[in-house]
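Let me begin by presenting the structure, written as structure tokens, before commenting on it.
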Amino acid sequence: RPLVEKDIISKYDNQEIKTMNTHLHVLEAFSNLYRIWPDEVLKGRISDLLNDFSTHIIDGESGHLKLFFDEDWNSKSSIISYGHDIEAAWLLLEAAEIIEAAEWVDKFKSVAVKMAYATIEGIDKDGGLWYERDPSANHTNKEKHWWVQAEAMVGFYNAWQISADPIFLDKFNKVWEYTQKNIIDHEHGEWFWGIGQDGEVMAGEDKVGLWKCPYHNSRACLEILKRR
Numbered sequence: 001r002p003l004v005e006k007d008i009i010s011k012y013d014n015q016e017i018k019t020m021n022t023h024l025h026v027l028e029a030f031s032n033l034y035r036i037w038p039d040e041v042l043k044g045r046i047s048d049l050l051n052d053f054s055t056h057i058i059d060g061e062s063g064h065l066k067l068f069f070d071e072d073w074n075s076k077s078s079i080i081s082y083g084h085d086i087e088a089a090w091l092l093l094e095a096a097e098i099i100e101a102a103e104w105v106d107k108f109k110s111v112a113v114k115m116a117y118a119t120i121e122g123i124d125k126d127g128g129l130w131y132e133r134d135p136s137a138n139h140t141n142k143e144k145h146w147w148v149q150a151e152a153m154v155g156f157y158n159a160w161q162i163s164a165d166p167i168f169l170d171k172f173n174k175v176w177e178y179t180q181k182n183i184i185d186h187e188h189g190e191w192f193w194g195i196g197q198d199g200e201v202m203a204g205e206d207k208v209g210l211w212k213c214p215y216h217n218s219r220a221c222l223e224i225l226k227r228r
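Numbering (the working numbering), first residue to last: 1 to 228.
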């Protein structure tokens, strides 16, 4: 039996016991809590989550994330989520830095660069980053969602800061150019949900709603300003 009603879960999620996304956002919440409450038990939980990513969630060979798991950490999906790959690339390193865990910092600097290289395969010729790919079905969802572009900006910039490889700065600039041209609504404000596979703004999707708020995009802009 699913743990929650299916109609309140994103249409993009599988009904599995463990998910990458849950672990990533719990890690994010714990890390930000640790900034203001540096509790040792909390630090241990953050380290445990980093270990889960290192041991179970990151595919060490491909550099992509595994997304869905059963209770014993057996992978239940072959889908590659480019936005989550590049988002995790910088959030994992940030968490390691927040708790000042030198071994994890070294580990996730290397991981951040590897995941950024892996994400490049999802960059379209116009500079935007595709939503996802399923190798088992030989299918790529070439929609370009707002949050994927926002996380790509930070993830590629972060990889450039670590490695000094100019390819990452180039990808950052091209994603930002694509976003300014196609994703930002310069007339009414905020960012569109995304651009569909037909090259048009995705009609019927929220500007603000259950799954969209000024979170990914605001954070990305503030993060880049902080890093420049």
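The C-beta atom is built at its ideal place from N, Cα and C for all residues, glycine as well.
C-alpha gap between aspartate 7 and aspartate 165, whole angstroms
Reliability of the predicted coordinates at aspartate 7 is poor, the pLDDT of 46 falling under 50, and no value is obtained from them.
Runs of 3 residues minimum, wholly inside the segment 122 to 181: which ones carry the beta strand (DSSP E) assignment?
132 to 134 and 139 to 141
When you compare each of Ile17, Ala118 and Ala150 to lysine 212 by their alpha carbons, which one comes out closest?
Ala150
Own chain residues within Cβ distance below 8 Å of aspartate 59, not counting five before or after
Leu65 and Lys66
Any idea what DSSP makes of glycine 204, helix, strand or coil?
coil
If you drop the 5 nearest sequence neighbours on each side, which residues of the same chain put their C-beta closer than 6 Å to that of glycine 128?
Lys144 and Tyr178
Reference isoleucine 46; option with closest CA among Val208, Lys142, His23 and Phe168
His23
Tell me the DSSP bridge mates of phenylalanine 68?
Thr19
Cβ neighbour criterion (16 or more within 10 Å) applied to isoleucine 230
In the structure as shown, the chain starts at 1 and stops at 228, and residue 230 therefore has no counterpart that could be examined.
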